[in-house]
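Heads up, the thing below is written out as C-alpha cells.
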Amino acid sequence: MTRFDRRDFLKTLGVSAVAVGASSHARAYFLPPLIPTSASNDTLVVVFLRGAMDGLSLLPPGAGSPYRADYETNRTNTRIPGSGAGAALALNNSTWGLHPRATGLHDLYQQGHAAFVVGAGQLQPNPVIRSHFEAQTNLEFGNGGGSGNGIGWLTRHLASGGLPTTVPLPATSLGSITASSLLGSTDAITMNSGSDFRLDTFHWSWQNDDSAHGLVGGVSRMNALWNGGSTQLERAGADTLNSLAMLRSVDFNPYSASDTGGYQAAGGANYSLAYNGSFGSQLRNIAQMIKLNVGLRVATIDLGNWDTHVGQGNPTQGYDWFGNQASSLSDGLAAFYTDLSSDAAGNFMNNVNVLVVSEFGRRVLENSDGGTDHGYGNVMIAMGGAVNGGHVYGTYAGLASDQLYEGNDVAVTTDFRQVMSEALVRRMANPNIYYVFPGYENYSPLGIFQGSDLPPSNFDHIFANGFDAA
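In terms of the working numbering, the sequence shown is residues 696 to 1165.
Here you go:
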C-alpha cells in the first residue's frame, strides 16, 4: 500500500493515483522508517548556467598569475585585460581576477560571502561528453559520466535527507519545465513564477464566496469535499488545499505605485538589474517564498545563453555579449543576497546556500569567429552566509599546452559532486551522498561550507538499487 501526500494529490488534481518517482513521502508502508529525521532547515538554491559558461572569462588569471602568459597566448578577441581599461577585478587571497561587469559578485567575494572553485567539472571516462544535452543530463542525474535511471540528484537528496512530512512547499523548479535534477520527485512544483502555485483554472467565480447571495466558490467546495480527514486521500486533499491557500493570496509581483501589495525587497535590493529573461524575477520569487516560511528546502533556476561560439566579446568592445551575461548573473545574485540578508526578520542568508554550475567549460584557445568552443573544466560558485568565502578553491593543472586536457581544455581536478556533496552534508545535514550521487566515492570536503561533517553513507540498499518508490 502506498501513501498519498499533498504533492501527489496536487499533481493528480484529486484523481486516485499512487506516488511515482523518488519522494521522501512516497514509500511503501511495509518498509521500516528508513528516512532520517535530522534534516536541517537550510535551503539549497542551484543556479544552472545552461550553454556552457566560459570560466576563463568569468574568472580569468590576474595580472600577476602564473597562468596569465598562457592565457594571453590563447585569447585575443575574448581576452579580459589584466590592467587598464576593462581590466579584471582583483580578488583578495587570489591570483585570479573577476570579470569587470561582475561587480556585485566581486563585492560578495570580498566580503567573504562567495567563493569560486576552479578546475571543476564532471570527471568522466574517455571520451568526454561535449554535447550540451548529454552533459546537462549527466550532471543533473548526478552520475558523473555514467548512465542514469531518470532520477535527479536533488530528488535523491529529498528522498534521503529527512524532509519533514508537513512541509507545504519543499522544492520548486523555476521555469517552464522541471529541471532534470528534480525529475522523479513528487515533492517538487514547477512554475515560471510564484503566482503559478494555485488552482485558478476554472470559472471566474472559482475563488468567490458571496454568503449574502448564497454563492459558494469552487475552492470552498473543494474544502468541503476533503474536510473529512478520515482517509489518506482526504488528508492529502486537505493538506493540498491548505498549501494552496497559503500562497493564493500572496502578491508575487514587485512593489510599485500601481501595486502597493507587491513584494518589497529588503536592503535596497534591485532584482531588475538582472535583466536576462526572468532570472531576476525568479530569484525574487525564491526569496519571497523563503521569507514566507513555506518550508522551501530546494530550488532550481536557470540562466541560459552561455553558448558563445561566435562574437563572445570582451570588456573593451562596444558590445560585450559575455559581459551582459556576467552582469545579469552577478546583479541577480547580489540582489538575492542583499534582500535575504537585510530583512527585518533576520539574516535569512545564514540558512540559504547557493551553488552555481554549468555543464562544462569552453576551450582555452578562442576560435576564428571571436568565440570559444566546447571544452571541459570550468568554474563553480558557492554563495551564502555559511560559505567560507573570499577564497578560490581547488587545484589547477595550468594553461600550458602540456597541462591541458587533450591539449585543448582546462583539466578537471575537482568533481562537481565533491562540492555538491559538501553542501548536502554540512548544510543540509544529509550524509547519504553515495545514494544521491551513484558511483561517487572517497568524499572529502574542500572546506567551502561551514557545518558538521557527517560520515558519508549509501542510504538504504533497497533504494540504492533503483527501488526509489513503491
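Heads up, the beta-carbon is just placed ideally off N, CA and C, and yes, glycines get one too.
Residue of the options minimising C-alpha distance to residue i
i	options	result
R647	G1079, A1081 and F1017	The shown model of the chain, from 696 to 1165, leaves out residue 647, and the question about it has no answer.
V1082	P756, L978, I1128 and A810	A810
N1153	R763, Y1129 and A734	Y1129
A961	D1015, D891 and A1040	A1040
D997	I981, A734, R770 and H794	I981
N1045	L744, G1102, L853 and Y1032	Y1032
S1053	L849, P1140, T773 and Q817	Q817
Y958	N965, Y950 and P1133	Y950
S778	R1112, N769 and P755	P755
G1080	V1074, S1037 and T790	S1037
R796	A1029, E1101, S826 and E1061	A1029
A815	M1115, R1121 and V1120	M1115
Y966	N948, G999 and F1055	N948
A874	D802, L864, G759 and M886	M886
T773	T867, S888, D749 and R979	D749
Residue environment, residue i, which counts as buried when at least 16 other CB atoms sit within 10 Å
i	result
E835	buried
N1042	exposed
S1023	buried
N833	buried
G1072	buried
S1147	exposed
I872	exposed
V741	buried
D1097	exposed
D1064	exposed
R722	Model confidence at R722 stands at a pLDDT of 30, short of 50, so the residue's coordinates are unreliable; what they give is reported in the following sentence. Classification for R722: buried.
D1110	buried
L708	The predicted model places L708 with a pLDDT of 42, which falls under 50 and marks its position as unreliable; any figure quoted below should be read in that light. By the 10 Å Cβ count, L708 comes out exposed.
N1048	buried
T768	exposed
P761	exposed
A736	With the sequence shown as reference, residue 736 is identified as Asn, and Ala is not the correct amino acid for it. The residue is exposed, with fewer than 16 neighbouring Cβ atoms inside 10 Å.
D954	exposed
S944	exposed
A952	exposed
D1163	With a pLDDT of 45 at D1163, under the threshold of 50, the modelled position of that residue is not reliable, and no figure is offered here.
Cβ-Cβ separation, residue j to residue i (assumed contact under 8 Å), whole Å
i	j	result
L869	T995	7 Å
S1025	L800	4 Å
A783	G807	With 8 Å as the limit, A783 and G807 do not qualify as a contact, their Cβ atoms being about 20 Å apart.
I985	A1077	Incorrect: roughly 18 Å between the Cβ atoms, too far for contact.
L1050	A1118	6 Å
N787	G1006	33 Å between Cβ atoms; not a contact.
E1061	R851	Not a contact, Cβ separation roughly 38 Å.
P865	L853	7 Å
Opening and closing residue of the alpha helix (DSSP H) in which residue i lies
i	result
M1075	Taken as a continuous stretch (DSSP letters only), M1075 belongs to no alpha helix (DSSP H), being part of the beta strand (DSSP E) at N1073 to G1079.
I981	F974 to K986
L687	Any question about residue 687 goes unanswered here, given that the chain covers just 696 to 1165.
F1017	W1016 to S1036
A764	R763 to N769
F836	H827 to F836
G750	G750 to L753
V1114	F1111 to E1117
T995	Run containing T995: none in the alpha helix (DSSP H); it sits in the beta strand (DSSP E), V993 to L998.
I1128	I1128 to V1131
A883	A883 -> not in any alpha helix (DSSP H); beta strand (DSSP E) instead, spanning A883 to M886.
H852	W848 to S855
Heavy atom of the ligand FMN within 8 Å of residue i beta-carbon
i	result
I846	In terms of ligand content, the structure shown is empty, and the ligand FMN therefore cannot be addressed.
Min CB distance residue i to chain D below 9 Å
i	result
M1075	Given the protein chain composition of this structure (a single chain), no chain D is represented.
Run of the beta strand (DSSP E) containing residue i, from where it starts to where it stops
i	result
F1154	Element bounds for F1154: n/a, residue is neither H nor E.
N1048	V1047 to V1052
F811	A809 to G816
S868	A866 to L869
L1099	Taken as a continuous stretch (DSSP letters only), L1099 belongs to no beta strand (DSSP E), as it is neither H nor E.
L739	T738 to L744
Whether residue i touches residue j by CB criterion (9 Å)
i	j	result
L751	T1067	yes
V1131	N1137	no
P1010	I775	yes
A1095	G1027	no
N838	G1070	no
V1105	A1092	yes
W848	S826	no
V989	V813	no
Y766	V1107	no
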